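**Q** Handing you this structure, nothing more for now.
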Amino acid sequence: MDHYQPNRSCYCMRCRSRGLMGPAVLITLGVLFLLSEFGVAHFERTWPILLIVIGLVKVLAGNLDTTGHVDYIAPAPPPGTPPAPPQNPETRQVDHV
Ligand SMILES: [Zn+2]
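Shown next, in the form of structure tokens:
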């Protein structure tokens with residue numbers, strides 16, 4: 002696979018891992034605030050753990066298996082929509098005033 006593009010309707014391991022970041026950040030923040038409330042470790046000293054968790058989740062997600070991955074296919078435009086004109090700057094006409 003040359004270029005991986007996430008697809009919400011795919012159920013391969015890497016596409017499913019997209020939902021891990023939010024819960025991981027919330028759980029980490031909760032634990033850090035809890036430790037701060039109990040006086041175990043103040044948040045001003047432990048907040049870098051949040052960055053470490055984000056990095057770990059990204060490294061983990063980036064290395065998961067993509068077996069069975071289904072590439073995203075853009076939905077077809079509704080019927081009756083004219084096709085977009087080609088954008089070629091070399092053939093573009095410029096009106097001189
Ligand atoms: Zn996938």
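Mapping of the sequence shown onto the working numbering: residues 2 to 98, in sequence order.
Heads up, the beta-carbon is just placed ideally off N, CA and C, and yes, glycines get one too.
Predicted, not measured: the structure shown is a model, and the values here were computed from it.
1. Is the beta carbon of L51 less than 8 Å from the beta carbon of L30?
2. Applying the criterion that 16 or more other CB atoms from any shown protein chain within 10 Å of the CB defines a buried residue, is R17 buried or exposed?
3. How far does the alpha helix (DSSP H) with T67 in it extend, from its first residue to its last?
4. Roughly how many angstroms separate the alpha carbons of T67 and L61, rounded to a whole number?
5. Which term fits L57, buried or exposed, when burial requires 16 or more other beta carbons within 10 angstroms of its beta carbon?
6. Enumerate in chain order the residues of its own chain whose CB-to-CB distance from R15 is below 6 Å, with the five nearest sequence positions on each side excluded.
**A** Short version:
1. yes
2. exposed
3. Unbroken run through T67: none, as it is neither H nor E.
4. 13 Å
5. exposed
6. L65 and T67
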